[in-house]
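Numbering (my numbering), first residue to last: 6 to 216.
Inspection log for the structure reproduced underneath, given as structure tokens.
Here's what the structure looks like:
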């Protein structure tokens with residue numbers, strides 16, 4: 006019945022983090038039972054499944070043809086987290102974290118135009134380790150990756166692209182005084198044209214842009 010809530014599945018199943026494709030014809034969500042991610046095509050009922058041990062919410066590309074997922078892997082006998090791009094039509098997986106082995110890459114956010122992916126990176130080796138996650142940008146194929154704003158004593162997350170793709174908002178935890186009972190969280194915006202960061206909310210978290 007139109008306008009009435011109903012369950013998507015007729016059986017009890019523990020699912021979370023549902024995300025609509027930009028076109029609204031598919032729904033991706035995390036399934037702890039796999040464990041992994043499932044993609045449901047609403048019209049046909051076709052279901053695609055992709056194993057994933059990390060359990061994070063999937064992130065759609067603007068054209069709805071790809072998903073990005075953090076994936077738990079083993080490298081040099083150490084557990085790492087790398088970003089994997091899934092091409093839905095071909096069901097092909099591409100590791101886009103580059104040649105870096107000991108990393109924890111999390112929180113991906115695709116730019117509105119599809120040309121860049123912002124994510125947090127924390128190196129896990131002793132030489133390059135930082136207390137906080139740093140902001141990195143990479144192309145969808147893993148090329149041209151670079152550290153946007155090196156701030157070792159800042160933990161960065163909740164990346165949100167401005168609709169025109171010219172700026173990136175994010176939350177930042179100040180770690181310069183060590184762990185605090187109440188974290189010092191603020192919201193910043195990095196202008197990709199002027200190449201500068203600006204504080205916009207001294208007590209904010211989880212930024213979102215208006216359309």
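We treat Cβ as the ideally placed atom computed from N, Cα and C, and that holds for glycine.
A quick note: this is a predicted structure, and the numbers were derived from the prediction, not measured.
Residue(s) in a DSSP beta bridge with residue i
i	result
residue 36	41
residue 199	Answer by DSSP bridge pairing: none, since residue 199 is not bridged.
residue 75	88
residue 174	165, 194
Residue nearest to residue i in terms of C-alpha spacing, selected from the options
i	options	result
residue 159	170, 81, 153, 181	181
residue 125	14, 65, 139	139
residue 130	144, 154, 105, 113	105
residue 122	102, 136, 194, 133	102
residue 163	135, 113, 134, 136	113
residue 211	200, 190, 150	190
residue 186	192, 178, 90	178
residue 136	155, 174, 82, 50	155
residue 36	52, 213, 27	52
residue 144	206, 117, 49, 15	117
residue 132	84, 157, 79	157
residue 21	27, 33, 29	33
Where residue i sits in the DSSP three-state scheme
i	result
residue 55	strand
residue 22	strand
residue 187	coil
residue 210	coil
residue 83	strand
residue 204	strand
residue 30	coil
Assumed close pair residue i, residue j - CB separation to whole angstroms, cut-off 8 angstroms
i	j	result
residue 86	residue 76	7 angstroms
residue 99	residue 108	Not a contact, Cβ separation roughly 16 angstroms.
residue 215	residue 197	No, residue 215 and residue 197 are not in contact; Cβ-Cβ is about 19 angstroms, not under 8 angstroms.
residue 119	residue 67	5 angstroms
residue 93	residue 44	6 angstroms
residue 69	residue 11	The Cβ separation is near 24 angstroms, so there is no contact.
residue 19	residue 38	7 angstroms
residue 203	residue 192	Contact flag wrong, Cβ pair sits at about 10 angstroms.
Contiguous beta strand (DSSP E) assignments of at least 3 residues, all confined to the segment 90 to 168:
Entirely contained in the segment 90 to 168, the beta strand (DSSP E) runs reaching 3 residues are, in chain order, 97 to 100, 108 to 115, 122 to 128, 139 to 143, 159 to 166.
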